[in-house]
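Beneath this line is the structure, given in C-alpha cells, with notes to follow.
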Amino acid sequence: FRYRVIAPENFIHQFVGTMGFRTAAEVEARLREQMVVLIYDVLGDLKERDMSVTDIASRLTEIEQFVLDRSKDHFQMYGLEIQKLSGLYISMPEEVQKAVDMRSSMQVLGTDYMGYQTGHAVREAANNPDGGAGGGLAGAGVGLGAGMGMGYMMMDSMSNRGRGGQGQGQAVAPPSNTPCIKCQAMIPTGTKFCPQCGGAQGIACPSCGTSVDKGAKFCTDCGGELGGAGACPSCGSPVEAGTKFCPECGQKM
Numbered sequence: 006f007r008y009r010v011i012a013p014e015n016f017i018h019q020f021v022g023t024m025g026f027r028t029a030a031e032v033e034a035r036l037r038e039q040m041v042v043l044i045y046d047v048l049g050d051l052k053e054r055d056m057s058v059t060d061i062a063s064r065l066t067e068i069e070q071f072v073l074d075r076s077k078d079h080f081q082m083y084g085l086e087i088q089k090l091s092g093l094y095i096s097m098p099e100e101v102q103k104a105v106d107m108r109s110s111m112q113v114l115g116t117d118y119m120g121y122q123t124g125h126a127v128r129e130a131a132n133n134p135d136g137g138a139g140g141g142l143a144g145a146g147v148g149l150g151a152g153m154g155m156g157y158m159m160m161d162s163m164s165n166r167g168r169g170g171q172g173q174g175q176a177v178a179p180p181s182n183t184p185c186i187k188c189q190a191m192i193p194t195g196t197k198f199c200p201q202c203g204g205a206q207g208i209a210c211p212s213c214g215t216s217v218d219k220g221a222k223f224c225t226d227c228g229g230e231l232g233g234a235g236a237c238p239s240c241g242s243p244v245e246a247g248t249k250f251c252p253e254c255g256q257k258m
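This is the structure in C-alpha cells:
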C-alpha cells in the first residue's frame with residue numbers, strides 16, 4: 006500500500022512522541038500491523054453479509070476497495086492517508102486452500118462436491134489390490150460411506166447460514182477493536198488494561214490519575230472536576246501538565 010502524511014502534527018505526535026519511533030522502518034511496521042487489523046475487520050463484516058471463505062480469492066479486488074474506503078477513518082488519527090492498496094493476498098490453512106481449489110475445479114466441470122467425493126471413493130476402492138473381489142466390494146462400501154461423510158462435513162463447514170439450535174456451522178462475529186488511549190495499539194473493545202503497554206483505559210483524572218469514563222464530569226475517586234484546568238481547549242479532555250499535544254485529538258496545547 007502507498008500512503009502520505011496529511012497532518013504532520015498528528016503524525017509526529019503519534020509515532021515520535023507517543024510511540025518513540027525513530028526510523029521509517031518502525032513506522033511502516035506499525036502501519037502494516039494496523040492494516041492487518043483493518044483487513045480482518047473488513048473480512049468479518051463481509052462474512053456477516055454471507056461471503057464464504059471460498060469466495061475470498063475471487064473477490065480480492067472488492068475486498069481491497071472495502072479496506073481502502075475504511076482506511077480513511079482508521080488512519081486519520083495517525084495523520085495519514087492510504088492512497089492505494091493493491092496486490093492483496095490472504096493466505097489460508099492448507100486444508101482450507103485445498104477445499105477452495107477443489108470447489109473451483111468442480112464449478113468449472115459443472116459437478117457437485119458429493120458427486121465428486123463418491124466417485125473418488127469408488128475409484129480408490131476399485132484400485133485397492135488387497136482383499137480380492139470380496140475385499141474390493143467391502144472397500145468400495147467403506148470408501149463410499151467415508152466419501153459421503155466427508156462430503157457432509159465439508160458442506161457443513163463451508164455453510165455460512167447458521168442452523169437454529171446447533172453450535173456448529175454458525176457464523177461467529179469477530180470482536181471489535183478500539184485504540185488504546187495511551188499507546189494507540191488496537192485492542193478488543195471493553196478491555197480495561199492494554200495488553201501492549203498495560204495502560205488503564207478511559208480518561209485519567211488530572212488530580213489523582215484515576216481512569217474514568219470519557220463522558221464523566223467528575224472523578225469517581227477524588228471527586229475532582231474533569232475538563233477544567235489542564236483540559237484540552239479543543240475537545241475538553243484532561244491533559245497532564247507540560248503536555249504539548251492533546252492525546253485525544255492532537256490539538257497543540
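Its first residue numbered 6, the sequence shown is counted upward by one per residue in our numbering.
C-beta: ideal position from N, C-alpha, C; glycine also.
DSSP has residue i in a bridge; who is on the other side?
i	result
T183	I192
F223	E230
P13	P13 pairs with nothing; no bridge assigned.
What does a CB cutoff of less than 6 Å around residue i pick up in its chain, not counting 5 residues either side in sequence?
i	result
F26	F20, V32
L65	L93
A12	G84
T183	T194
M82	none
Report yes if the C-beta distance between residue i and residue j is below 7 Å; otherwise report no.
i	j	result
L43	H79	yes
F6	L85	no
T194	S212	no
C227	G204	no
V72	V47	yes
L93	E67	no
Y8	I61	no
C202	I192	no
Can you list, in chain order, the residues of its chain with a C-beta nearer than 7 Å to that of residue i? Leave out the 5 residues immediately preceding and following it.
i	result
C251	C237, S239, C240, S242, V244, M258
T23	C188, Q189
E253	C237, C240, S242
R75	L43, V47
When DSSP labels each residue in this structure, what does residue i get in the three-state scheme?
i	result
K89	strand
K257	strand
E230	strand
P211	coil
P2	The structure shown does not extend to residue 2, since the chain spans only 6 to 258, so no value can be given for it.
R7	strand
P252	coil
G172	Confidence is the limiting factor: at G172 the pLDDT is only 46, short of 50, which leaves the residue's position unreliable, though a coordinate-based value still follows. It is coil, neither helix nor strand.
G156	Note that G156 scores 48 on pLDDT, short of 50, meaning its location in the model is unreliable; the coordinates nonetheless yield the value given after this. Of the three classes helix, strand and coil, the one that applies to G156 here is helix, per DSSP.
Taking only heavy atoms of the ligand ATP into account, decide whether any of them is closer than 6 Å to the Cβ of residue i.
i	result
R35	With respect to the ligand ATP, the structure offers nothing, as it holds no ligand at all.
Using a Cβ-Cβ cutoff of less than 8 Å, which residues in the same chain neighbour residue i once the five nearest sequence positions on both sides are dropped?
i	result
T248	M258
K77	E86, I87
Q256	C237, P238, S239, C240, F250
E14	G84, F250, G255, K257
R35	F20, M24, F26
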